[in-house]
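Numbering (this note's numbering), first residue to last: 1 to 424.
All residues carry an ideal CB built from backbone N, CA and C; glycine is no exception.
Note sheet for the following structure.
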Amino acid sequence: MKKLIVNTLLIGSLIVFSGCEKKPNTPIKPKIDNSLPVVDAKYIKMIPDITAVALEWKKIDISKAKGYHIIRADMQKDGKFKRVATINNKYTTHYLDKDLNPNSKYGYKIALHSLEGFEGVASKTVAISTLPNMKSVSLIETIDGLPRQIKILWRPHHSSRVSKYIIERTSPTQPKWKQIAVVEDRYNVEYIDDDLGDNDIYMYRIKVVTFDGIVSDSSEISRGTTKPLPTQIKKLKASEKLPRKIQLSWDKSDTKDVVSYNIYRSNSANGSFSKIHKASIKHNMFDDTISDDGKLYFYKITTVDKDGLESKIEDIKPIMGSTLDKPKMPKVTYIGIQDNKVVINWVASDDRTVAYNIYKVTKDGWSAKEKVIPNIKDLRYEDSDVVRGIEYGYSIQSIDKHGLTSAKTPESLQKLSKIAIVQQ
């Protein structure tokens, strides 16, 4: 029971008397007074902790005593004794030596010092080893396959001394361990590491920290991998001969949780691609409506999964598509005046042509009026609606079955001469 009381007092002194010290900044050569009493080593008691040792000794109560010097040696390093603290109150009989190495052996001596500045002969050496460092958590695991994040879980540490956890991370591309988070409270046993890469591997370990600042050894290592990007679509095709549109079609991605497709378009294969449409997973086809004939575009399609991850557009080879070009304009073989009529003959230049538009421009002085004579099926046209002395311009345009029209032929001018009036 007496030993228990002494130990209890020592433990209490870890905090109470740890402040009653004065650590020297530079080595001091002692001035020895052999007449001063020597601290009896057999009365020096010690309680080890992981990074500290609590000392207790028997008080020496003489009038010229001022206090005590604490002298320590690292027995696993060089074994040299150095003064580590000076206590300037002779009634103090406890000292907490902190910032030591775990599981290490230390030797201590205590010497009385006087009001005159002299130091007595130090006590005999007493030795003690600090406790092994605290072990970390007994279980750590990762939940991977999450989008750009990994969830770390661990078992709460059994010691009530633990106040928080240090989370450290490394990866195959960054071999050094890096502290990424501090999680407060012993029963808070989850951390989500986010803003990570896609399909990347990371390793994690945990250290625990006590209320008095002791950092444990590292836990075992747990490995996790972030979710990969969805795979690309297959067999993208783009039409080249449809009127006023480019039709895209493709095979589905192998990734099961793809929910949509993003369609991108550019004017050139190496140009900047802009998103033009978001297609549902239910559709593997898209019609890009375009107002121009013979317009050429390049396309890329990415996949998007349920977590919003999108396949890399940079990895996609673009495919080219185009709208149907205009039909070729016809070739005029004859245009002239016959029997007070303008006669035009032409031949087709394109197998797609199904009809023709004739543009007639009436030019009377400074004015000009255009008239369209549409949907001519023949290769000849006779215009009897002409007036002598008026100039007319004619051009012809091909029409295909889709209603696409060619460019107009160059304008041909025709004019019926006025009938001369004979004076009687």
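For the beta strand (DSSP E) holding residue i, just list the boundary residues, first then last.
i      : result
ASN357 : 353–364
ILE71  : 65–74
SER280 : 274–280
ALA111 : 105–114
VAL126 : 126–129
GLY350 : Before going further, note that residue 350 is Asp rather than Gly in the sequence given. Neither: ASP350 is in no beta strand (DSSP E) and is coded neither H nor E.
ALA85  : 81–87
ASN262 : 258–266
LYS401 : From DSSP, LYS401 is part of no beta strand (DSSP E); its letter is neither H nor E.
MET134 : Unbroken run through MET134: none, as it is neither H nor E.
SER417 : Where SER417 is concerned, there is no enclosing beta strand (DSSP E), given that its DSSP letter is neither H nor E.
LYS390 : A quick correction: the sequence has Ile, not Lys, at residue 390. Unbroken run through ILE390: none, as it is neither H nor E.
THR142 : 140–146
VAL372 : 367–376
GLU56  : 53–56
ASP97  : 94–97
When the Cα atoms are used, what is the spatial distance from residue i to residue j?
i      : j      : result
THR130 : ASP61  : 31 Å
PRO230 : LYS371 : 58 Å
ILE47  : LEU55  : 7 Å
SER253 : THR173 : 29 Å
LYS124 : ILE70  : 12 Å
LEU4   : TYR43  : At LEU4, the pLDDT of 35 sits below 50, so the modelled position is not reliable and the matter cannot be decided from this model.
GLY12  : PHE211 : Per-residue confidence for GLY12 stands at a pLDDT of 43, beneath the threshold of 50, marking its modelled position as unreliable; the derived number appears in the next sentence. Taking the straight line joining both Cα atoms gives about 16 Å.
LYS98  : THR170 : 31 Å
LYS66  : ALA73  : 24 Å
SER239 : MET320 : 8 Å
TYR381 : VAL354 : 16 Å
LYS22  : TYR95  : Since pLDDT at LYS22 reaches only 48, below the 50 mark, its modelled position is unreliable, and no value is offered.
ILE263 : PRO318 : 11 Å
LEU146 : TRP250 : 28 Å
ASP195 : ILE180 : 12 Å
ALA279 : ASP292 : 23 Å
VAL332 : SER322 : 30 Å
LYS135 : LYS64  : 48 Å
GLY79  : LYS45  : 20 Å
ARG161 : ASN34  : 45 Å
LYS31  : VAL121 : 10 Å
VAL361 : PRO374 : 14 Å
ILE246 : SER268 : 15 Å
ILE337 : GLN414 : 7 Å
SER349 : THR409 : 12 Å
PHE273 : HIS283 : 21 Å
ILE192 : VAL215 : 22 Å
LYS50  : THR142 : Before going further, note that residue 50 is Ile rather than Lys in the sequence given. Using only the alpha carbons, I get a separation of about 30 Å.
LYS428 : SER311 : For residue 428 there is no data in the structure shown, the boundaries of the chain being 1 and 424.
Our contact map puts residue i next to residue j with C-beta atoms below 8 Å; I'd like the distance itself, whole angstroms only.
i      : j      : result
SER398 : TYR356 : 6 Å
ALA127 : MET75  : 7 Å
LEU379 : ASN345 : 7 Å
ASP257 : ASP305 : 5 Å
GLN149 : THR255 : Not a contact, Cβ separation roughly 18 Å.
VAL386 : VAL342 : 6 Å
LEU404 : LEU324 : 7 Å
PRO37  : LEU112 : 6 Å
VAL209 : SER163 : 6 Å
Are residue i and residue j close, meaning C-beta to C-beta below 8 Å?
i      : j      : result
ILE110 : TYR68  : yes
LYS266 : PHE286 : Note that residue 266 is Ser in the sequence shown, not Lys. Contact flag unset, no.
LYS434 : GLY365 : The first residue shown for the chain is 1 and the last is 424, placing residue 434 beyond what the model contains.
ASP144 : LEU309 : no
ILE290 : THR302 : no
TRP154 : VAL182 : no
GLU391 : LYS363 : yes
ALA52  : LEU100 : yes
GLU168 : LYS178 : yes
ALA388 : SER367 : It is Arg, not Ala, that sits at residue 388 in the sequence shown. In this structure, SER367 does not lie closer than 8 Å to ARG388 by Cβ.
TYR359 : SER395 : yes
SER222 : ILE87  : no
LYS59  : TYR91  : yes
ILE233 : VAL259 : no
PRO156 : ARG186 : yes
Would the C-beta of residue i count as close to the ligand HEM, meaning under 7 Å from any of its heavy atoms?
i      : result
ARG161 : You won't find the ligand HEM in this model; it holds no ligand whatsoever.
Check whether chain C comes within 8 Å of residue i, counting only Cβ atoms and requiring the distance to be less than that.
i      : result
VAL137 : In the displayed structure, chain C is absent; only one protein chain is listed.
In chain order, what are the residue ranges of uninterrupted beta strand (DSSP E) at least 3 long that sit wholly in the stretch 171–254?
174–184, 190–193, 201–210, 222–225, 234–238, 245–251
Can you list, in chain order, the stretches of the beta strand (DSSP E) that have 3 or more residues and sit fully within the stretch 282–348?
285–289, 296–305, 319–322, 331–338, 341–347
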